[in-house]
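Single-structure report; data block below.
Numbering (our numbering), first residue to last: 14 to 110.
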């Protein structure tokens, strides 16, 4: 699913007050973390994730791996924080413009 700029702006405004619910450390994206990420996205649809890895390239690689493994859309990437969105299959809670 691709998001246009208007949809990304709307999702960023909704995510402003959210606290990070997933934290990725130097161990990277393990199978357990990928499973937790999928469950969290299924429950919340829109989440913030903190990525605490070495340098910028490693951080971007970890965020890309999270997006790939969870089949989510990257809404924004700000420093160590990524905002991810995946529409719920049943009973979606967020209406996109």
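Even glycine gets a Cβ: it sits at the ideal position worked out from N, Cα and C.
Next on the checklist: So, with DSSP's three-state summary, where would you put residue 89?
Outcome noted: Per DSSP, reduced to three states, the secondary structure at residue 89 is strand.
Checklist entry - Is residue 81 helix, strand or coil when you go by DSSP? => result In the structure shown, residue 81 sits in a helix (DSSP, three-state: H, G or I).
Checklist entry - Would you report the Cα separation of residue 98 and residue 30, rounded to the nearest angstrom? => result For residue 98 and residue 30, the distance between alpha carbons rounds to 15 Å.
Checklist entry - Out of curiosity, what's the CA-to-CA distance linking residue 61 and residue 94? => result Those two C-alpha atoms are separated by around 7 Å.
Item to check | Anticipated Cβ contact below 8 Å, residue 78 with residue 42, distance rounded | outcome: Their Cβ separation, rounded to whole angstroms, is 5 Å, which keeps residue 78 and residue 42 in contact under 8 Å.
Checklist entry - Contact check, residue 37 vs residue 66 under 8 Å by CB: the rounded distance? => result With 8 Å as the limit, residue 37 and residue 66 qualify as a contact, their Cβ atoms being about 7 Å apart.
Checklist entry - Do residue 21 and residue 89 come within 8 Å of each other at the CB atom, strictly closer than that value? => result A contact, by the Cβ cut-off of 8 Å.
Checklist entry - Which residues share a DSSP beta bridge with residue 97? => result Residue pairing by DSSP places residue 97 opposite 60 and 87 in a beta bridge.
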